[in-house]
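Chains as they are written, first to last, in this note's numbering: chain A, 20 to 193; chain B, 20 to 193.
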DNA sequence: CTACTCAGGTTCCCTTAGGGAACTTGAGTC
DNA sequence: GACTCAAGTTCCCTAAGGGAACCTGAGTAG
């Protein structure tokens, strides 16, 4: 199958997708961040095959998203913890969860609630502008080429059409 | 291979991942939302195989994320547009992009900038609490069982460990 | 001291999704 | 009549995922 490698592409979504774009990584990170950190716990909680879990964990460690730690000697017991890079995937999980809640929750409502400890409210996440705090949507934003858009000889350029269009477009509004 | 089906699982991340958890869906949605909407344009921009693109587009249409529209008769030409459900995936893309920018942008900086039309600033997205506007992180939130957590006989329960832990945990803070 | 369990994997075989190139179809156009 | 273009579809091949069995080191019940 040899999945097309996306890590070397000049697009941060592609780079993130190269790691995150599979059936299990999001769920593994959800579990690890929620405290399900042991190999067998993950196998049972997710229903993932042991082989695939071992491969994913190994990849996530290589990427610096997880670390393998011993939490007990004699008998030796290991578990997995999120690094800072791993914990910063949390907004991605929130965005996925929020979308799933909105479009797939049945009559009963969403399966889980997010509780914000600092303000002590059950809440929903909003993807907001760091400047003005307003919600960012496909309609009120546009993408422009950034400083890292000029790439060296080893880097494949993904999205020349986007790059050229972004400048031409009056804006993403219809 | 027969990927484990996740759509019927009582977890919104799993439901979203069933559709979104592959190498291409995020990039297809990025392109469609940015105005790259024609079949051949997508093939050339993404480097995706025509076969796989056709399958993904078909799935995205079945899910109500995209619609296929004619934009010219004689010769008949079709393109793909995001529905509301599709446009609401934008925060997921922003979260992925933001994470990729933070952890994979080289010296040169990120490959693209987000421009917020309403406040006319280049910006970064923040995943914020809808109540108080503060940033939500793995540290300052906890997940609690929601109303849709009770599931019928046809629904597989994913994450009983989480469900039981969420109640016990004093909070996600270390 | 032998048998059993448990955690954390690894090995094996099998199926199937993805890569990639070639082919198809319907319409325009040189 | 030959060529191009858009939008797929068909073909073959490889490798990734599923799943069950196996392995290994350490504790522990009888």
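Here a beta-carbon is modelled for each residue, glycine too, at the ideal position from N, C-alpha and C.
| Asked | Found |
| --- | --- |
| Short CB-CB distance (under 8 Å) between residue 33 of chain B and chain A | yes |
| Where the region 46-69 of chain A meets chain B: residues whose CB sits under 8 Å from a CB there | 46, 49, 50, 52, 53, 54, 55, 60, 63, 64, 65, 66, 67 |
| Partner residues on chain B for residue 134 of chain A, Cβ-Cβ distance less than 7 Å | 160, 161, 163 |
| Interface flag, residue 120 of chain A vs chain B, CB-CB below 8 Å | yes |
| Residue of A:48, A:162, A:28 minimising C-alpha distance to residue 102 of chain A | A:48 |
| Delimiting residues of the beta strand (DSSP E) encompassing residue 124 of chain A | Where residue 124 of chain A is concerned, there is no enclosing beta strand (DSSP E), given that its DSSP letter is neither H nor E. |
| Distance between beta carbons of residue 115 of chain A and residue 58 of chain B, contact taken as under 8 Å | Their Cβ separation, rounded to whole angstroms, is 27 Å, which puts residue 58 of chain B and residue 115 of chain A out of contact at 8 Å. |
| Residue 21 of chain B to residue 124 of chain B span [Cα, whole Å] | 35 Å |
| Three-pair Cβ contact test at 8 Å for the region 144-164 of chain B versus the region 137-145 of chain A | yes |
| Residue burial classification, residue 74 of chain B (beta-carbon count within 10 angstroms, cutoff 16) | exposed |
| Under 8 Å between C-beta atoms of residue 109 of chain A and residue 157 of chain B | yes |
| Close beta carbons around residue 96 of chain B, own chain, < 8 Å, minus the five adjacent residues each side | 57, 89, 90 |
| Where residue 166 of chain B falls: helix, strand or coil (DSSP) | helix |
| Residues bridged to residue 29 of chain B (per DSSP) | None; residue 29 of chain B has no bridge partner. |
| From B:92, B:78, B:93, residue whose alpha carbon lies closest to that of residue 86 of chain B | B:78 |
| Rounded separation between residue 80 of chain A and residue 64 of chain A - CA only | 20 Å |
| Local conformation of residue 142 of chain A per DSSP, three classes | strand |
| Interface positions of the region 101-114 of chain A facing chain B (Cβ-Cβ less than 8 Å), listed along the chain | 101, 104, 106, 107, 108, 109, 110, 111, 112, 113, 114 |
| Cβ-Cβ separation, residue 131 of chain A to residue 165 of chain B (assumed contact under 8 Å), whole Å | 5 Å |
| Burial state of residue 26 of chain B, where buried means 16 or more other Cβ atoms lie within 10 Å | exposed |
| Rounded separation between residue 107 of chain A and residue 93 of chain B - CA only | 50 Å |
| Beta-carbon proximity check, residue 128 of chain A vs residue 167 of chain B, cutoff 8 Å | yes |
| Residues bridged to residue 89 of chain A [DSSP beta-bridge criterion] | A:97 |
| Distance between beta carbons of residue 84 of chain A and residue 198 of chain A, contact taken as under 8 Å | As shown, chain A starts at 20 and ends at 193. That puts residue 198 of chain A outside it, with no answer to give. |
| Residues within the region 139-151 of chain B neighbouring chain A, beta-carbon criterion of under 7 Å | 140, 142, 143, 144, 145, 146, 147, 148, 149, 150, 151 |
| Helix, strand or coil at residue 132 of chain A [DSSP, three-state] | strand |
| Whole-angstrom distance between residue 82 of chain B and residue 35 of chain B, CA atom to CA atom | 11 Å |
| Inter-residue Cα distance where the pair is residue 33 of chain A and residue 55 of chain A | 28 Å |
| Three-state class that DSSP yields for residue 157 of chain B in the structure shown | coil |
| Coil, strand or helix - residue 149 of chain B by DSSP | coil |
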